Every structure is written in C-alpha cells, then in structure tokens.
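First the structure, in the form of structure tokens, and then the observations on it.
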Amino acid sequence: MDSLDLEILCLIQNDARIANAAVAAKLGLTASAVHARIKHLRREGTIRGYLTSINPGAVKQTLLAFIRITNNSSGKDEIAFEDFIRAEPGILECHIVSGEDTHMLKIRTDAPASLGTFSQGCASTPVLRVR
C-alpha cells in the first residue's frame, strides 16, 4: 500500500459512491488506474465493504444511548450473550471496557420508554447487570 492507496481510501471513506473518474481527477490518475487500485484493495481485504448511513429521524430512531453492562457469563452463557448482542437490532455497537463494567452498548431506539424496556430485558437476564 502506498500513499496513493491511502489517498484513495480517504476519498472513498468519505463518499463510497464517488466515481472513479472523480477520484482520478483529484489525484492526477486515470479512472482505470483508480479502479484497479480499488479492486486490489478489496481483494486484499483492506476494503471490507460499503455501508449506508441512515438518517435516524427518517426511521423514527432518534434516541441514542449508551448502556453499561456487566456480563458475568462464561462458556455456553457467553455464546448466548454474543448471540443476543448480534440479534438485537437496536444495538449498534458493543465495546469491551475496563473497570466495573465489562461492556458498553451503543443503542438507538425511538423513545425513552423503549430504552427502558430494552434495559429491563437485559436486567432480567441472570448473567447481566445493567447500569
């Protein structure tokens, strides 16, 4: 990977739909050279995919919250915890943290009541403590 690859990555990270010709014009390359470099970056795993940024208001998910939890699970319970995190659509991110808690969940939902329901559901799980 060279400096041109890094510049290409910077441009497409900010706008994944930018045309190869536009990237090429900004970097003084041909569109086919940019296409070949992007193809190589995908093949090598540097580019893992493309994401869509959704307006939370448009889907009525305007409440963003962070919830600290302590996961006291192990073994099969740990697998169940991971499955729960992956399956819950309101969880945007799950981070392992140090200190009193083990994880920080980034949640997006429609209202405080929904957040309360989600928190109560987590708290009713024997291996989780919600804070």
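For reference, each letter of the sequence shown is one residue, going 1317 to 1447 in the numbering used here.
Using N, Cα and C, we set each Cβ at its ideal position, and we do this for glycine too.
Since the structure is predicted, the reported quantities are computational estimates derived from the model, not experimental observations.
* Start and end of the beta strand (DSSP E) containing ARG1384? -> Locating residue 1384 in the sequence shown gives position 68, counting from the first residue. Start and end: 1379–1387.
* Asked: From the DSSP output, which residues share a beta bridge with LYS1422?
  -> Here residue 1422 corresponds to residue number 106 of the sequence shown, with the count starting at 1. According to DSSP, which records beta bridges pairwise, LYS1422 is partnered with PHE1382 and GLU1409.
* So, are the CB atoms of HIS1448 and ILE1385 less than 8 Å apart? -> Residue 1448 cannot be examined here, being either before or after the span of the chain that is shown, 1317 to 1447.
* Helix, strand or coil for ARG1402 per DSSP? -> Along the sequence shown, read from residue 1 onward, the residue named residue 1402 stands at position 86. Three-state result, ARG1402: helix.
* **C-alpha distance - SER1435 paired with VAL1446, whole-angstrom precision** => Along the sequence shown, one-based indexing puts residue 1435 at 119. Along the sequence shown, one-based indexing puts residue 1446 at 130. Going by C-alpha positions, SER1435 is about 7 Å away from VAL1446.
* In the DSSP assignment, find the beta strand (DSSP E) that holds ARG1445 and state where it starts and stops. => Residue mapping note: residue 1445 aligns to position 129 of the sequence shown, counting from 1. Where ARG1445 is concerned, the enclosing beta strand (DSSP E) starts and stops at 1444–1446.
* Of the choices PRO1428, ILE1423 and LYS1342, whose alpha-carbon is the least far from that of PHE1382? -> Here the question's residue 1382 lines up with position 66 in the sequence shown. When each option's Cα is compared against that of PHE1382, the closest is ILE1423.
* Take the Cβ of ILE1395 as the centre, count every other Cβ of all protein chains shown within 10 Å, and call the residue buried at 16 or more, exposed below. => For this step, residue 1395 is matched to residue 79 along the sequence shown. Counting Cβ neighbours within 10 Å, ILE1395 comes out exposed, since fewer than 16 surround it.
* Taking buried to mean at least 16 other C-beta atoms within 10 Å of its own C-beta, is ARG1353 buried or exposed? -> Start at 1 with the first residue of the sequence shown, and residue 1353 comes out as number 37. ARG1353 should be labelled buried.
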